[in-house]
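**Student:** Basically this note's numbering = 1-based index in the sequence shown + 1.
Note that CB positions come from ideal geometry on N, CA and C, so glycine has one too.
Here it is, the structure, as C-alpha cells.
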Amino acid sequence: MIHSSEFTFKMTGFCQRPQDDWYSYALNLNYPVIEESTLQFLETWGLLTRPKRILELGCGFGLMSYRLLSVLPESTLTGIDYNGKNEEVFKKFTNKSEVGKRFTFLTGNVTELLPALNQTYDWIIVDVDKKYYPELFLHLPEKLNTGGYLIADNVLWKGWVTRPGEKKNPEPIRKWNELAFSHDGFETILLPVGDGLTIMRKK
Ligand SMILES: C[S@@+](CC[C@H](N)C(=O)[O-])C[C@H]1O[C@@H](n2cnc3c(N)ncnc32)[C@H](O)[C@@H]1O
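Here's what the structure looks like:
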C-alpha cells in the first residue's frame, strides 16, 4: 500500500527526492531526519511566502535545507549543527550542485552561535534537541524580520507533550508552546503536521 505522504509527493513532484542513498545513509545510522509530510508542507509554505533568507537550527545532513532550496531558487539558507561531519555528508550527496552553493553550514552549538549572528532572516526553523527550545526562544525574535516566520518542529513530540510522567521529558516542548502562544509580538498557529509544527508570524 502506498503511504499518503508518498502519494502526495508523487502527485506534487515539487522536486526530485535527493539521492535515495542519502536517505538510506541516514536511515542506516538511525539518524533523525525530518518527516516527509513536514517537508511537503514546508515546501508549500515556502512557495506561498517566498523567504529570501532562511536559518535552520539543527540542519543535520541538510535534507530539509536541500528540499527547501530546490523549490526556492532565489533563497539562501544557513544551517547550524554541532556535528561537523554533517557538512561533509551534505557536500558528498549534493556533489557541488547549484543548490549546495546557496547553503552555508555553521558548525557549533546553536546556544552559542545564534546570539552571535549579526543578520536577520525571513524564516527561522528550529529542529534541535528539545531541551534547548526554551533557551533559544529568548534570542529568536530579534533574529527574525518583521513579517517573517519562526517555525518549530516536534512541538507535539509524538504526543508525549500531553502525557506527563512518561520517560521522555516534555517540559521544554510545553514551555516552547506556552512561550509561542503568549508572546505579543507574534501571531501563532500549531499544526498537527508530522511531529507538530508551530508557525509564528512576527508582527
Ligand atoms: C532532528 S535532527 C535534524 C534533522 C534535519 N533538520 C533534517 O532536515 O533532516 C536534529 C539535529 O540537531 C542537531 N543538534 C541538536 N542540538 C543541537 C545544538 N544545541 N546545537 C547544534 N546542533 C544541534 C543534531 O546534531 C541533529 O543533527
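Reducing DSSP to helix, strand and coil, say where residue 169 ends up.
**Tutor:** coil
**Student:** Looking at the secondary structure, which residues open and close the beta strand (DSSP E) in which residue 146 lies?
**Tutor:** 145-154
**Student:** Could you tell me if residue 17 is buried or exposed, where buried requires 16 or more neighbouring beta carbons within 10 angstroms of its beta carbon?
**Tutor:** Since pLDDT at residue 17 reaches only 49, below the 50 mark, its modelled position is unreliable, and the value read off the structure follows with that caveat. Under the 10 Å beta carbon count, residue 17 is surrounded by fewer than 16 other beta carbons and is classified as exposed.
**Student:** Can you check whether the CB of residue 186 is closer than 9 Å to the CB of residue 129?
**Tutor:** no
**Student:** Buried or exposed: residue 76, going by 16 or more other Cβ atoms within 10 Å of its Cβ?
**Tutor:** buried
**Student:** Quick check on DSSP: helix, strand or coil for residue 17?
**Tutor:** Low confidence applies to residue 17: its pLDDT is 49, below 50, so where it sits in the model is not reliable enough to give any reading.
**Student:** Label residue 153 either buried or exposed according to how many other C-beta atoms from any shown protein chain fall within 10 Å of its C-beta, with 16 as the threshold for buried.
**Tutor:** buried
**Student:** Which residues end up in the neighbourhood of ligand 1 when you take C-beta atoms closer than 5 Å to any of its heavy atoms?
**Tutor:** 33, 34, 35, 59, 61, 64, 65, 82, 83, 84, 110, 111, 128, 129, 130 and 133
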